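First residue of the sequence shown? That's 860 in this note's numbering, and the numbers climb one at a time after it.
Just so you know, even glycine gets a beta-carbon here, dropped at the ideal spot from N, CA and C.
Keep in mind it's a predicted model, so treat the numbers as computed, not measured.
Notes to accompany the following structure.
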Amino acid sequence: MSEAATEFHFSPRPNRASEINWRPWSKEAFDEARTVGRPILLSISAVWCHWCHVMDETTYSHPSVIEIINRDYVPVRVDNDVRPDINQRYNMGGWPTTAFLTPSGDILTGATYLPPDQMASALMSVASYYRNNQAEIAGRVLEARKRAASGVARSAGSLAYDPEYGGFGGAPKFPQTDAILLLLEQSALRGDEELRRMAVHTLEQMAGGGTYDHVEGGFFRYSTTQDWSVPHFEKMLEDHAGLVQALALAGMKDVLDKTAGYLDRVLRDPRTGLYAGSQDADEHYYSMDAEERKSAVAPYVDRRVYTAWNAALAIAYGDAAGELVDALFKRAYRKGEGMSHTEGIGGQLGDQAWSLWAAVRAYQHGFGHRWLEVAGDLAEHLEKMYGDPELGGYLDHAGGDDLGRLGERIKPLAENSVAAMALIELDTLLGDPDAPYRERARRALESVAALPRSYGLMAAVFARALDRLAHAVKVTTKNPELARAARAAHPYAVIDPDGDQRAVVCSGQICLAPVSTPDAVREAIKEASQARAPGARRAPA
């Protein structure tokens, strides 16, 4: 076994993948490839990925494949969840990703899962091409980049709402939680019951089909069929954060409670109060009933704690997230230095954006004034280390690692949208027209505004951020009943608990007179949302 192999997660079933001399993503690996004149074999896998395990058990356990890789390549293995920045630049369309790189990090060619015979053939062909045609490689790389760019475009028709089974498009069908949340938020904002019906129908179809674990609770990652009947069996914390929020907004209490029960029972570490990243796929285990599972070995749980996903879950848990947000920031936050990504790995844009939003929400849920201070510190770290001072918006990592394509810092749509939502809520809370946060949010959205056309339905998070920019209202009250009424009445209500038992509703710089009942809160929000009249009465200072 190679020395570095102990760093990697391989299939839990018998395999010989560790006999390959895997290196971690590092400057040393790229320097070695240049020195020995070999291409790099980049394998991107995930602990929850079924076909990654199959490739470990078959392709990477085949003696000829092991021999060719160790002889002709510098093999580098990356975990998708640990290094999403690498995955974003090198993923070849799924997991596992099998990418062949030059020592400078350019893509020669690539694929996803390759069986042993195809892998052996590809290994020999690429190695031979690299040895004999290095002068032509630059042109080949350019062509590969063109092919990759053309694959980004998605057909709008394939993303249409499915009126029969809910969800969007055909098979495979993913939850698309941001699209569901957008429907629910737009329904509340516009009073459009049809939008709510579409969202609830989607969640009901998911919860009633094979994509939901009817024994232990929780949702599988996606369905291989249009009707949600045949799932891919991994369970991801990232997906559940959005689903918990959607189930709560949809009022689906039974499914919500069972889903949260799964998360708290299986993914939560009782010692730290933090949540693991995923649970492995195991088709045989999940086909068992409750009694059979008692004597079976449960699928492997990846106990790594990912900051962005825990922060997203804290947002979804709302006023029940006190212990989670405390534990997360104790582990990952350093004043002036932002949030780490996971143990031993520095933070990325998603970690800062989601954690900033979680801190803003922690203040709103009455967890203490210090969370406003933490949010302000994170907002400044975000701007200093990730911000684009010329064009606005935020880059996906803070720089420093410029190996291969990591030298090309990019502005991801989702993370910029999340950062914008967090900044909008922070700005709304402060109510200071001289604060920079609203303008930073606007510039972040403006900087990625050209991307939604190519992202299709996955741009729903961008639409959610735009709506907050236009429609956020502030409700100041320490009365939990009035706060709940405000959140139910307006999807973008920002709650400031630094008030009294009454509620003061503000839109922009206009505040209405205090009110004392849930019905009055709803009416005040409606009035503030519809008109910003000069004659509106301001709340007393």
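* **Distance between D940 and K1153 (C-alpha atoms, nearest Å)** => 30 angstroms
* To do: If I'm right that W954 touches A1140 with Cβ under 8 angstroms, what's the distance once you round it to whole angstroms?
  => Actually they are not in contact, since the Cβ atoms of W954 and A1140 sit about 11 angstroms apart, beyond 8 angstroms.
* List the DSSP bridge partners of F1078. => F1078 is bridged to Y1071.
* Would you kindly check if the distance between the Cβ of V1307 and the Cβ of A1345 is under 7 angstroms? => Judged by their CB atoms, A1345 and V1307 are not nearer to each other than the 7 angstroms cut-off.
* When DSSP labels each residue in this structure, what does P1090 get in the three-state scheme? -> strand
* Note the first and the last residue of the continuous alpha helix (DSSP H) segment covering I1039. => Counting along the chain, the alpha helix (DSSP H) containing I1039 begins and ends at T1036 to R1049.
* For P800, is the classification buried or exposed, using 16 other Cβ atoms within 10 angstroms of its Cβ as the cut-off for buried? -> Limits of the chain in this structure are 860 at one end and 1400 at the other, which puts residue 800 out of reach.
* Once you ignore the five residues that flank G1227 on each side, which residues in its own chain have a CB closer than 8 angstroms to its CB? -> A1221
* In three-state DSSP terms, what is F1321? -> If DSSP states are grouped into helix, strand and coil, F1321 belongs with the helices.
* Using three-state DSSP, classify S1112 as helix, strand or coil. => The residue asked about is misnamed: residue 1112 is Lys in this sequence, not Ser. If DSSP states are grouped into helix, strand and coil, K1112 belongs with the helices.
* What is the DSSP secondary structure of Y1351, counted as helix, strand or coil? -> coil
* What whole-angstrom Cβ distance do D1236 and K1194 have, given they're in contact under 8 angstroms? -> 6 angstroms
* Asked: Near Q1377, which residues of its chain fall below 7 angstroms by C-beta distance, leaving aside the five closest residues on each side in sequence?
  -> Per the sequence presented here, residue 1377 reads as Pro, with Gln not at that position. Excluding residues within five positions, the ones whose Cβ falls inside 7 angstroms are E1340, L1341 and A1344.
* Asked: How far does the alpha helix (DSSP H) with G1209 in it reach, from first residue to last?
  -> Where G1209 is concerned, the enclosing alpha helix (DSSP H) stretches over L1208 to Q1223.
* **Bounding residues of the beta strand (DSSP E) (the contiguous stretch that carries R872)** => From DSSP, R872 is part of no beta strand (DSSP E); its letter is neither H nor E.
* Helix, strand or coil: how does DSSP classify Y989 here? -> Helix at Y989.
* Taking all protein chains shown into account, do 16 or more other C-beta atoms lie within 10 angstroms of the C-beta of H1143, making it buried, or fewer, making it exposed? -> exposed
* Name the DSSP bridge partner or partners of V1332? -> Looking at the DSSP output, V1332 sits in a beta bridge with A1352.
* **Straight-line Cα distance separating D1098 from I1039** => Here the C-alpha atom of I1039 lies approximately 12 angstroms from the C-alpha atom of D1098.
* To do: Check the C-beta distance from G1209 over to E1274 and give it rounded, since I have them as a contact under 8 angstroms.
  => With a Cβ gap of about 5 angstroms, G1209 and E1274 count as contacting.
* From the DSSP output, which residues share a beta bridge with M1065? -> According to DSSP, which records beta bridges pairwise, M1065 is partnered with nothing at all.
* Go through its chain and collect everything with a Cβ distance to A1066's Cβ below 6 angstroms, but skip five positions before and after it. => V1114
* Asked: Out of I927, V937, P974 and S963, which has the shortest C-alpha to C-alpha gap to V985?
  -> Distance check between V985 and each of I927, V937, P974 and S963 places I927 closest, using alpha-carbon atoms only.
* How far does the alpha helix (DSSP H) with R1264 in it reach, from first residue to last? -> Careful: R1264 lies outside any alpha helix (DSSP H) and carries neither H nor E.
* To do: Starting from K1032, follow its DSSP beta bridges and name the residues at the other end.
  => S1082
* **S984 in three-state terms, based on DSSP** => helix
* Measure the alpha-carbon distance for Q1064 versus P873 and round it to whole angstroms. => 37 angstroms
* Report back the beta-carbon spacing between V1160 and A1173 to the nearest angstrom; my notes put them in contact at under 8 angstroms. => Going by Cβ atoms, the distance from V1160 to A1173 rounds to 20 angstroms, so no, they are not a contact pair.
* Asked: So, using beta-carbon positions, are G1076 and T1118 closer together than 7 angstroms?
  -> Contact check for G1076 against T1118 passes: the beta carbons are separated by less than 7 angstroms.
* Compare the Cα-Cα distances from F1079 to each of D1355, K886 and A1100 and report the closest residue. => A1100
* Asked: Going by the CB atoms, is the gap between A1105 and V1410 shorter than 7 angstroms?
  -> With the chain running from 860 to 1400 in the structure shown, residue 1410 is simply not present.
* So which of E1196, S904 and W1230 has the shortest CA-CA distance to Y972? -> S904
* Looking at C-alpha atoms only, which residue of I1369, G1050 and G896 is the closest neighbour of Y989? -> G896
* Asked: So does the region 1048-1055 actually touch the region 1021-1032, counting three or more Cβ pairs closer than 8 angstroms?
  -> Two segments are said to touch when three or more pairs of C-beta atoms, one from each, lie closer than 8 angstroms; by this definition the region 1048-1055 does not touch the region 1021-1032.
* To do: Leaving aside the five residues before and after S1388 along the sequence, list all residues of the same chain whose C-beta is less than 8 angstroms from its C-beta, in chain order.
  => H1330, V1332, H1349 and S1366
* Give, in chain order, every unbroken run of the beta strand (DSSP E) that is at least 3 residues long and sits entirely within the region 871-916. => 899-904
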